[in-house]
Structures are given as structure tokens and as C-alpha cells.
Amino acid sequence: MHNDLDRPDSPASPDLFSLPVQPDRLATVDAWIFDLDNTLYSAASTLFPAIERRMTAYIARDFNLTLEEARRCQKRLFREYGTTLRGLMVEHAIDPLAFLEYVHTIDLSAIVPDSVLDRALGRLPGRKIVFTNGSQAHAERVLARLGIADHFEAIQDIIASDFLPKPDPRPYVRLLHRCGIDPVRACMVEDMAGNLVPAAALGMVTVWLRTDAAWAQPVNGDTTHIHHVVDDLARWLEGVAGPAVAELTMPAPLDDAAAG
Ligand SMILES: [Mg+2]
């Protein structure tokens, strides 16, 4: 029996082998899942190194180590457990809430409003959610500083993930259930390529925000779970959002200040 749905849209004679294997799935995305640190603000920011210094200081203080010893310990925990916090919980049963509060007590003045990202998120159709291995309080502060908090309907932090950090697949599944997201209509954006592996396995479209950091590179060079590689998130989102990009990227009139 003939099925109209199987027919290609093009009126030209169909050459099935020339059709894309998969249409551009970005057009069907109705839920956008964003990592926070080094994704919604630049990896060149001094913010994440400041958080790492607080982690080192926490370990040095709690285990009576020099900063150098603490740094080595932190790097090992990060390597073996995916996050420093996870390693400290497994090996030393630390209080995770006290750790999160300590490491996120940092100067946020390096984070400034990002009007380009704000505009891009505003034009991007679909729900937006933050999925972070940090705390909700930290995410809320950073989103507020960036001036983009209003775009996000939910934050899944490490506490809501039951302290199982990405790329453990369990918090991904929890997020999908909690927010009622269909993974095949979701897109996940991350600077740590390895965190996109479970997203792709669940059927999501994935976007890797490319970085030079060694620990954020594709695991064993495997890029099969990466669908899009992006250098400038705001510009890329504007492109996805639609054709009015040129108009949106025009500089503001020079007499704005005078008119105000
Ligand atoms: Mg990140």
C-alpha cells in the first residue's frame, strides 16, 4: 500500500541516495539543555579557575595539605571520579553541601551581562534548562550576572542529580522525566565533549562548544556523539533561531545615548 508520508517533499525525481540520512533535527528541537560553567559564559573567563582554586583550598584546609599537594589530590579525584566533589564524597564522605557553598563563594564581577546571548536565547524557540554539576545557587547567581536568567524554566544541579555528576547517564534520565522532555526533540550544549555521550545515546542532538582545555576534549578522540561543533554559542544560536539574524546583529544607533 502506498504511503504518502514516505514520499520526499521535492517534486524532482527522487534519488533516495542523495537525500540526507536525517533531516536537520535542530528545526524540531523543543527543549534546549545547557551546561553552565564555560558554556553560558566564556571558557576564557577567570571564573572557573577561581572555583578550582577554591576546591584546592578546601582540600588543603580539610586534609592539612600544602596547596601543591591539594592540587595534585584534586586533579586525581577529578580524573578518577569525573568531579572533585564526587571523589571527595566517595573517598572521604565529606559534606557535599558545605563543599558546594565553599567552592562557589567567589567574586563574580568577571561575569558581565551578555546582551548578544540574551537576544539569541530570546529568539530561540523552545524551553531552556540548565544542567550543571555545580549548585543551583551558583547557577542562579551566574545567570543573573549574565542577564539571561529569565530564559530558563528549570535548573538541574548536582543536588537534584542526587550527587551523580555528568556524564553518569542517570541524571540525564532524571532530567528528562522531571521536565517531561522527549529526548529526540532535545538538544544539549556542553563544553566537555564527554558529557555529550549519554545525551547522544538517549537520542538528543548534541552541540560541543569547542575549547582548548585537555580535559574537555572528546574522550579517546571519539567524536561520533558530537553532532555540531561550535566556537561562538550566541552567534550559532542566532543562526539556528532564524533568518532575522542580520537585522539583529546590526549595531545600535550611535545616537541612542543622546536620545535617552
Ligand atoms: Mg562546563
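With my numbering as the guide, the letters of the sequence shown map in order to residues 1247 to 1506.
For each residue, glycine too, the CB sits at the ideal point set by N, CA and C.
Close beta carbons around residue i, own chain, < 7 Å, minus the five adjacent residues each side
| i | result |
| --- | --- |
| R1407 | Rather than Arg, the amino acid found at residue 1407 in this sequence is Ser. Around S1407: P1417 and R1420. |
| L1282 | V1376, T1378, G1380, A1385 and V1388 |
| K1374 | W1278, F1280, L1367, H1397, F1398 and E1399 |
| L1272 | C1433, V1451 and V1486 |
| T1274 | R1431 |
Exposure of residue i, with buried meaning 16 or more beta-carbon neighbours within 10 Å
| i | result |
| --- | --- |
| T1470 | exposed |
| W1278 | buried |
| V1267 | Since pLDDT at V1267 reaches only 39, below the 50 mark, its modelled position is unreliable, and the value read off the structure follows with that caveat. Exposed, since its Cβ has fewer than 16 Cβ neighbours within 10 Å. |
| V1486 | buried |
| E1484 | buried |
| T1312 | exposed |
| S1381 | buried |
| G1488 | exposed |
| W1454 | buried |
| V1358 | exposed |
| T1292 | exposed |
| L1286 | buried |
| P1429 | buried |
| A1339 | exposed |
| H1423 | exposed |
| D1360 | buried |
| G1328 | buried |
| L1392 | buried |
| V1435 | buried |
| V1336 | exposed |
| H1248 | Because the pLDDT of H1248 is 38, which lies under 50, any placement of that residue in the model is unreliable, and the number read from its coordinates should be weighed accordingly. With fewer than 16 Cβ atoms within 10 Å of its Cβ, H1248 is classed as exposed. |
8 Å Cβ cutoff met for residue i and residue j
| i | j | result |
| --- | --- | --- |
| H1350 | H1397 | no |
| R1332 | P1444 | no |
| A1447 | V1465 | no |
| N1284 | T1457 | yes |
| A1462 | D1437 | yes |
| F1324 | L1334 | no |
| A1459 | A1289 | yes |
| I1352 | I1305 | no |
| P1415 | N1441 | no |
| D1364 | I1394 | yes |
| D1276 | G1372 | yes |
Element boundaries [alpha helix (DSSP H), containing residue i]
| i | result |
| --- | --- |
| W1512 | No statement about residue 1512 is possible, as the shown extent of the chain runs from 1247 to 1506 and does not include it. |
| L1343 | P1342 to V1349 |
| I1375 | Taken as a continuous stretch (DSSP letters only), I1375 belongs to no alpha helix (DSSP H), being part of the beta strand (DSSP E) at R1373 to F1377. |
| A1303 | L1293 to F1309 |
| H1338 | T1330 to H1338 |
| A1366 | S1361 to R1369 |
Other residues of its chain near residue i: CB distance less than 6 Å, five sequence neighbours each side excluded
| i | result |
| --- | --- |
| V1362 | A1480 |
| I1401 | V1376, Q1382 and A1385 |
Extent of the continuous beta strand (DSSP E) to which residue i belongs
| i | result |
| --- | --- |
| L1455 | V1451 to L1455 |
| A1316 | From DSSP, A1316 is part of no beta strand (DSSP E) but of the alpha helix (DSSP H) over L1313 to Y1327. |
| H1474 | H1474 to V1476 |
| A1277 | A1277 to F1280 |
Cut-off 8 Å between Cβ atoms - residues of its own chain near residue i, not counting five sequence neighbours on either side
| i | result |
| --- | --- |
| L1354 | L1293, R1387, V1388 and R1391 |
Proximity test, residue i beta-carbon vs ligand 2 heavy atom, cut-off 7 Å
| i | result |
| --- | --- |
| N1284 | As far as ligands go, the structure on display features ligand 1 and does not contain ligand 2. |
Jot down the residue ranges of each uninterrupted alpha helix (DSSP H) in the stretch 1384 to 1447, minimum 4 residues, whole runs only, in chain order. Fully enclosed alpha helix (DSSP H) runs of 4 or longer: 1415 to 1425 and 1443 to 1447.
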